[in-house]
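Undergrad: Numbering (numbering that gives the first Met the number 0), first residue to last: 0 to 446. For each residue, glycine too, the CB sits at the ideal point set by N, CA and C.
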Amino acid sequence: MQYIEEPARKLPVMAETDVLVIGGGPGGLSAALAAARTGVKTMLVERYGCFGGVITQSMIGTLAWYRSNACTVDAGGIGVEFEQRAKAMDASLSIFLYEVVDTEIFKYIADQMVKEAGILPLLHCTIVDVIMEGSTVKGVITESKSGRQAILAKRVIDATGDADIAYQAGAPCHMDPKEKLEEVSVNFGCSGVDIDKFLTYTLTNPSSIADWGDDSGEKESDEFSTFLKEPFRKAREAGEIPDTSTRLQSYWGNFTDAGEVTSLNAIHMPNIDATDVHDLTKAEIEGRQYVMWAVEALKKYTPGFEKARLRTIGASLGIRETRKIEGVYHLTEHDVLNQAHFDDSIGIFPEFLDGNHIAVLPSTGRYFHVPFGITLPQKVENLLVVGRSVAGDKVSHAATRQMMCCTVTGQGAGVAAALSVKDKVPCRQVNINAVQKELQKQGVRIA
Ligand SMILES: Cc1cc2nc3c(=O)[nH]c(=O)nc-3n(C[C@H](O)[C@H](O)[C@H](O)COP(=O)(O)OP(=O)(O)OC[C@H]3O[C@@H](n4cnc5c(N)ncnc54)[C@H](O)[C@@H]3O)c2cc1C
Numbered sequence: 000m001q002y003i004e005e006p007a008r009k010l011p012v013m014a015e016t017d018v019l020v021i022g023g024g025p026g027g028l029s030a031a032l033a034a035a036r037t038g039v040k041t042m043l044v045e046r047y048g049c050f051g052g053v054i055t056q057s058m059i060g061t062l063a064w065y066r067s068n069a070c071t072v073d074a075g076g077i078g079v080e081f082e083q084r085a086k087a088m089d090a091s092l093s094i095f096l097y098e099v100v101d102t103e104i105f106k107y108i109a110d111q112m113v114k115e116a117g118i119l120p121l122l123h124c125t126i127v128d129v130i131m132e133g134s135t136v137k138g139v140i141t142e143s144k145s146g147r148q149a150i151l152a153k154r155v156i157d158a159t160g161d162a163d164i165a166y167q168a169g170a171p172c173h174m175d176p177k178e179k180l181e182e183v184s185v186n187f188g189c190s191g192v193d194i195d196k197f198l199t200y201t202l203t204n205p206s207s208i209a210d211w212g213d214d215s216g217e218k219e220s221d222e223f224s225t226f227l228k229e230p231f232r233k234a235r236e237a238g239e240i241p242d243t244s245t246r247l248q249s250y251w252g253n254f255t256d257a258g259e260v261t262s263l264n265a266i267h268m269p270n271i272d273a274t275d276v277h278d279l280t281k282a283e284i285e286g287r288q289y290v291m292w293a294v295e296a297l298k299k300y301t302p303g304f305e306k307a308r309l310r311t312i313g314a315s316l317g318i319r320e321t322r323k324i325e326g327v328y329h330l331t332e333h334d335v336l337n338q339a340h341f342d343d344s345i346g347i348f349p350e351f352l353d354g355n356h357i358a359v360l361p362s363t364g365r366y367f368h369v370p371f372g373i374t375l376p377q378k379v380e381n382l383l384v385v386g387r388s389v390a391g392d393k394v395s396h397a398a399t400r401q402m403m404c405c406t407v408t409g410q411g412a413g414v415a416a417a418l419s420v421k422d423k424v425p426c427r428q429v430n431i432n433a434v435q436k437e438l439q440k441q442g443v444r445i446a
């Protein structure tokens, strides 16, 4: 590769804050809300034009679809608040015991929650580098329409999903080779659907988790699933969609009285490294081609979709797995499947796994503690990592990547960062009992 030398230059300091959260997905939003509610100056920076991460960029409103059974023990806290806020605004669809959040209105809900908490928001701003003093993070470098600037912060929370900040800070991270990463998706929505006809078809031809194929678990495999495979199989057999490694099968969420099915999670593309700009470009463009084929297949082979039109394509590719940090603690398959207990619990998460070829629904009431140690990167100070890039193995990732679990790590780290500022101690020396007390005050179940 050819290189050029970038000349050193002075950068304006745009802001100084106590806690700086980077990335406005479920993890980052929760971290910022929790830090601000603990009483410190908090800033939330997002590279796109709205908060919500996968919720708003890929139209995924099923924050707690695992909650199909009264036995499920739930986390509580900010994730549940997201659902409640949407329900209160008539911006969700109640299915069984969970809410499918209207992902367009969630953009507004996130804005309101950020405003109410007194967080300083910054949209359209990408963090491109870190400011280090030895192994301590002191701030970040931003790129936006305002140019290249700096933000100084006492604590930084990396909620980028890709551990961008931890990686730039030199914290040990790992990422599987791309052929072993979870697939990426371009999600879409349709209008012009005859909802009654479609629901009748779905209920008379019910799908279960067993139909997922590779991803089905042994437990609960008979459980009903909003899942469509037939239309795409038929289109492939008819030669209308090429036979490639891209899997076409749709988990669909949310429908409205206006004849919309707002989220079709149908295009599953393997072998993409979502930290590589060329792979990202390829996946977006190929994904949109598949969307066009998928819509035609739905129209031709799915009752209720005959007059459907493509309504939306996700603003960004949906990404499930990239870098993960090497943490002070490494969560394991054994932990998430054996109700692990941790003294440094920052919340609980039901025994729900979906991804990396495993699916387990928490119908038994079993749950595990989420330890603070998985948010603490090795070797770097003043930094916490939340959301889908917390430390752990492949199987535990199938739990920690879930949006509700991202809100658990986010809220826990937000409170920990805030208290470490208040008590003037490094994050890894924060008083965990005080963190747990504050989390309980905020509605989080710790044990
Ligand atoms: C297609 C798909 C379907 C899914 N379905 C479900 C489901 O039904 N239920 C469920 O619970 N989970 C589901 N998941 C998983 C879940 O959505 C994600 O794991 C979760 O959103 C991760 O949250 P996060 O906050 O870590 O990251 P994200 O939601 O990815 O948010 C990260 C945010 O950081 C921003 N960002 C990234 N880098 C930078 C930077 N350098 N500077 C500034 N901002 C930056 C991004 O723009 C983004 O807004 C699904 C995932 C996908 C992709």
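Going straight from the alpha carbon of E325 to that of I126, what length do you get?
TA: Approximately 21 Å between the Cα atoms of the pair.
Undergrad: Measure the alpha-carbon distance for A116 versus N264 and round it to whole angstroms.
TA: The alpha-carbon atoms of A116 and N264 are separated by roughly 32 Å.
Undergrad: On the DSSP letters alone, give me the boundaries of the alpha helix (DSSP H) that I284 sits inside.
TA: V276 to Y300 is the extent of the alpha helix (DSSP H) around I284.
Undergrad: Who are the Cβ neighbours of G188 in its own chain at under 7 Å, not counting the five residues just before and after it?
TA: M58, E259, V260, T261, S262, L263, R310 and T311, listed in sequence order.
Undergrad: Could you give the uninterrupted runs of the beta strand (DSSP E) lying entirely in the segment 1 to 89, keeping only those of 3 residues or more?
TA: Fully enclosed beta strand (DSSP E) runs of 3 or longer: 12 to 21 and 41 to 44.
Undergrad: Looking at the strands, I want to know which residues DSSP matches up with P269.
TA: DSSP, once it has assigned bridges, lists no residue as partnering P269.
Undergrad: Within 7 Å: the Cβ of N337 and any heavy atom of ligand 1?
TA: Not under cutoff, so the answer is no.
Undergrad: Assuming G24 and G48 are in contact, meaning their beta carbons sit under 8 Å apart, how far apart are those beta carbons, in whole angstroms?
TA: 14 Å between Cβ atoms; not a contact.
Undergrad: Strictly by DSSP, which residues pair up with L309?
TA: Looking at the DSSP assignment, L309 forms a beta bridge with C189.
Undergrad: Is E45 near ligand 1, in the sense that its beta carbon is under 7 Å from a heavy atom of that ligand?
TA: It does: the Cβ of E45 is within 7 Å (strictly closer) of some heavy atom of ligand 1.
Undergrad: If distances are taken between C-alpha atoms only, which option among L19, Y2, I3 and M0 comes closest to V420?
TA: Comparing Cα-Cα distances from V420 to each of L19, Y2, I3 and M0, the minimum goes to L19.
Undergrad: Who pairs with F226 in a beta bridge, going by DSSP?
TA: Y250, per the DSSP bridge assignment.
Undergrad: Cβ of M403 within 7 Å of any heavy atom in ligand 1?
TA: Yes, ligand 1 has a heavy atom inside 7 Å of this Cβ.
Undergrad: Distance check for I164 and G78, CA to CA, integer angstroms please.
TA: Cα to Cα, the separation comes out at about 24 Å.
Undergrad: Beta strand (DSSP E) containing E142: first to last residue?
TA: Unbroken beta strand (DSSP E) run through E142: T135 to S143.
Undergrad: Scan the segment 309 to 351 and note each continuous alpha helix (DSSP H) run of 4 residues or more that stays entirely inside, going in chain order.
TA: For the segment 309 to 351, whole alpha helix (DSSP H) runs of length 4 or above, ordered along the chain, are 332 to 336.
Undergrad: Does the CB of V12 have a neighbour CB from chain B at under 8 Å?
TA: The structure shown has no chain B; it contains just one protein chain.
Undergrad: Pull up the DSSP beta-bridge partners for M131, would you.
TA: In the DSSP output, where bridge partners are listed per residue, M131 has V136.
Undergrad: How about S184: is its Cβ closer than 7 Å to a heavy atom in ligand 1?
TA: Yes, the Cβ of S184 comes within 7 Å of a heavy atom of ligand 1.
Undergrad: Hey, would you say the C-beta of T125 is under 7 Å away from at least one heavy atom of ligand 1?
TA: Checking every heavy atom of ligand 1 against the Cβ of T125, one is found closer than 7 Å.
Undergrad: Nearest by alpha-carbon distance to L375: which of G75, G313, L330 and N253 is it?
TA: For the residues G75, G313, L330 and N253, the minimum Cα distance to L375 belongs to L330.
Undergrad: For C483, write down the residues that DSSP places opposite it in a beta bridge.
TA: Because the chain spans 0 through 446 in this model, residue 483 falls outside it and cannot be assessed.
Undergrad: Tell me whether A69 is buried or exposed, calling it buried when 16 or more other Cβ atoms sit within 10 Å of its Cβ.
TA: A69 is exposed by the Cβ-count criterion.
Undergrad: From the DSSP output, read off the bridge partner residues of S207.
TA: Answer by DSSP bridge pairing, in chain order: F223.
Undergrad: Taking C-alpha atoms, which residue in K440, Q441, A415 and R427 lies nearest to V434?
TA: Nearest C-alpha to V434: A415.
Undergrad: To the nearest angstrom, how far is the alpha carbon of T159 from that of L121?
TA: Between T159 and L121, the C-alpha separation is close to 14 Å.
Undergrad: Give the single residue among D193, L92 and T203 whose Cα lies nearest to the Cα of R308.
TA: Comparing Cα positions, the closest option is D193.
Undergrad: Would you list the one or two residues that DSSP bridges to I126?
TA: Looking at the DSSP assignment, I126 forms a beta bridge with T141.
Undergrad: Using C-beta distances below 7 Å, list every residue in its chain close to E437, excluding the 5 sequence neighbours before and after it, in chain order.
TA: So the qualifying residues of the chain are T37, V414 and L418.
Undergrad: So, do the segment 4 to 12 and the segment 374 to 394 have three or more beta carbon pairs nearer to each other than 8 Å?
TA: The answer is no - the segment 374 to 394 does not touch the segment 4 to 12, with fewer than three Cβ pairs under 8 Å.
Undergrad: If you drop the 5 nearest sequence neighbours on each side, which residues of the same chain put their C-beta closer than 8 Å to that of E305?
TA: Here the set comprises D193 and K298.
Undergrad: Answer yes or no: the CB of A152 versus the heavy atoms of ligand 1, is any distance below 7 Å?
TA: A152 Cβ: outside cutoff for every heavy atom of ligand 1.
Undergrad: Round the Cβ separation of A339 and F371 to the nearest angstrom and send it over; I've been treating them as touching at under 8 Å.
TA: Incorrect: roughly 13 Å between the Cβ atoms, too far for contact.
Undergrad: Using beta-carbon positions only, say whether S190 and D210 come within less than 8 Å of one another.
TA: Not in contact: S190 and D210 (Cβ atoms no closer than 8 Å).
Undergrad: Any heavy atom of ligand 3 inside 7 Å of the beta-carbon of D163?
TA: Ligand 3 is absent from the structure shown, which contains only ligand 1.
Undergrad: Just grab the DSSP bridge partners of I150 for me.
TA: Looking at the DSSP assignment, I150 forms a beta bridge with A14 and V139.
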